[in-house]
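>
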Amino acid sequence: MNLRLSRLQLEKISDITISMGQIFFASVLVDPLVSGKSSFVGVFGGLVMALLSWIISVLVIKK
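Here's what the structure looks like:
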């Protein structure tokens with residue numbers, strides 16, 4: 449299956465992925481501050497998800 453996306457569609461996918469990364473990043477920082485609980489696994493996992501989202505966004509927009 450050959451899927452062709454227009455430049456505008458790629459930009460929108462990139463924007464959505466950036467937003468997902470921001471949500472992951474905010475949940476990693478805000479939730480532990482509000483609840484007073486922080487775990488290494490939670491913080492590390494959130495940061496990894498945020499970084500992956502941002503990297504995917506850059507890769508999508510470069511195509």
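With my numbering as the guide, the letters of the sequence shown map in order to residues 449 to 511. Yeah, the Cβ is synthetic: ideal placement off N, Cα and C, and Gly gets one too.
Could you tell me the distance, in whole angstroms, from the CA atom of SER488 to the CA atom of LEU458?
Before going on, a small fix: residue 488 reads as Phe here, not Ser. Looking at the two C-alpha atoms, the distance is approximately 34 angstroms.
> May I ask which residues mark the beginning and end of the alpha helix (DSSP H) holding SER501?
Counting along the chain, the alpha helix (DSSP H) containing SER501 begins and ends at 488 to 510.
> Three-state secondary structure (DSSP) at SER454?
coil
> Short check: CB of VAL491 to CB of VAL478, under 8 angstroms?
no
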